[in-house]
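Novice: Dropping a structure here in structure tokens format, bear with me for questions.
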């Protein structure tokens with residue numbers, strides 16, 4: 389029985405897969421919504437754990453501090469004896485800070501020169517390990533570059549998707565608005581036999597009739613002055629109180645007053661828009 393041949397992936401394929409996986413990981417992390425911090429369904433919320441601290445009395449604390457200072461003094465004396473044999477870069481505290489200060493200028497001082505010589509000697513005496521170290525450093529650098537590019541690509545894709553989603557929402561809202569305008573025109577061109585509060589069409593997108601809602605419904609901000617007056621006058625032929633009387637027979641008596649009140653409100657708004 390022969391098995392399937394498995395081909396080794398090339399470096400380009402491997403880098404591409406790492407890039408795609410890293411990009412998707414960052415996209416999930418950026419778009420992930422954390423769950424709310426409350427109990428799920430009827431699960432009780434457990435209080436946070438309290439850190440247990442050992443209580444010390446004054447005598448124990450003083451004795452422990454005295455013992456610690458004594459040990460520190462002994463160790464400090466031993467370190468002082470061997471400090472001359474420790475390279476400055478491995479020393480802590482002020483010694484390490486002063487060692488770093490020696491590299492504040494761009495000139496190659498003795499310490500830097502000695503470090504370079506030791507590094508080159510090590511590479512000559514350990515060629516295999518040096519080559520492995522260089523390859524490992526290059527691999528880490530390549531991975532950092534891939535991660536950085538994946539982050540930017542994920543951010544760009546998220547922004548692009550958000551912009552596309554926003555455009556779709558705007559387009560959908562415009563379609564719905566245009567459908568309501570078309571329904572309004574069709575209603576008053578061919579009025580039904582019975583006009584009620586549930587089927588009457590007002591020049592507004594919502595139930596709250598205001599000057600801004602009427603102006604937005606009629607798209608007056610996109611029209612020239614002459615076209616604006618023409619549109620408002622066309623609507624006024626319907627909702628002017630003197631003109632609206634002709635629909636009185638089609639409106640139930642119990643609903644006529646409420647409808648007439650809204651019609652009068654629209655008429656006042658239209659008159660104000662003509663000014």
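In my numbering, the protein residues as written are 389 to 663. Where a beta carbon is used, it is the ideal one built from N, C-alpha and C, also for glycine.
For the 8 Å Cβ check, are there 3 or more pairs between the region 533-546 and the region 409-416?
Specialist: yes
Novice: Expressed to the nearest angstrom, what Euclidean distance is found between the alpha-carbon atoms of residue 508 and residue 517?
Specialist: 13 Å
Novice: So residue 641 is in the alpha helix (DSSP H); what residue range does that whole segment cover?
Specialist: 641-662
Novice: Over what stretch of residues does the alpha helix (DSSP H) that includes residue 540 continue unbroken?
Specialist: 515-577
Novice: What is the C-beta distance between residue 590 and residue 650, in whole angstroms, given that I count them as a contact (C-beta under 8 Å)?
Specialist: 7 Å
Novice: Ignore the nearest five residues each way along the sequence and tell me which others in residue 608's own chain have a CB closer than 8 Å to its CB.
Specialist: For residue 608, where only same-chain residues beyond five positions count, the Cβ hits under 8 Å are 616, 619, 620 and 661.
Novice: From this set, 646, 623 and 521, which residue's C-alpha is nearest residue 583's C-alpha?
Specialist: The shortest C-alpha separation from residue 583 is found at 646.
Novice: May I have the straight-line CA-CA distance separating residue 514 from residue 404, to the nearest angstrom?
Specialist: 33 Å
Novice: According to the neighbour-count rule (16 or more other Cβ atoms, all chains shown, within 10 Å of its Cβ), is residue 657 buried or exposed?
Specialist: buried
Novice: Using three-state DSSP, classify residue 498 as helix, strand or coil.
Specialist: helix
Novice: By Cβ distance below 6 Å, which residues in the same chain neighbour residue 576 in space, the five residues on each side in sequence not counted?
Specialist: 626
Novice: Rounded to the nearest angstrom, how far is the Cβ of residue 593 from that of residue 556, given a contact under 8 Å?
Specialist: Contact flag wrong, Cβ pair sits at about 19 Å.
Novice: When we look at the beta-carbon of residue 542 and count the other beta-carbons within 10 Å, is it buried (16 or more) or exposed?
Specialist: buried
Novice: Excluding the 5 residues preceding and the 5 following residue 545 in the sequence, name in chain order all residues of the same chain whose CB lies nearer than 7 Å to its CB.
Specialist: 415
Novice: Run the CB neighbour count on residue 538, radius 10 Å, all protein chains shown included, and call it buried at 16 or more, exposed below.
Specialist: Buried, because 16 or more other Cβ atoms sit within 10 Å of the Cβ of residue 538.
Novice: Just to confirm, are residue 643 and residue 571 a CB contact at a threshold of 7 Å?
Specialist: no
Novice: Roughly how many whole angstroms lie between the Cα atoms of residue 520 and residue 560?
Specialist: Distance between residue 520 and residue 560, taken at the CA atoms: about 58 Å.
Novice: Is the beta carbon of residue 597 sitting closer than 7 Å to the one on residue 653?
Specialist: yes
Novice: Against chain C, does residue 582 count as a neighbour if the rule is that its beta carbon must be under 7 Å from one of theirs?
Specialist: The structure shown has no chain C; it contains just one protein chain.
Novice: Specify, as a first and last residue, the run of the alpha helix (DSSP H) that residue 633 falls within.
Specialist: That residue, residue 633, is in no alpha helix (DSSP H); it is neither H nor E in DSSP.
Novice: Go ahead and label residue 659 buried or exposed: buried means 16 or more other beta carbons lie within 10 angstroms of its beta carbon, across all protein chains shown.
Specialist: Exposed, because fewer than 16 other Cβ atoms sit within 10 Å of the Cβ of residue 659.
Novice: Could you pull the start and end residues of the alpha helix (DSSP H) that residue 612 belongs to?
Specialist: First-last for residue 612: undefined, no H or E at that position.
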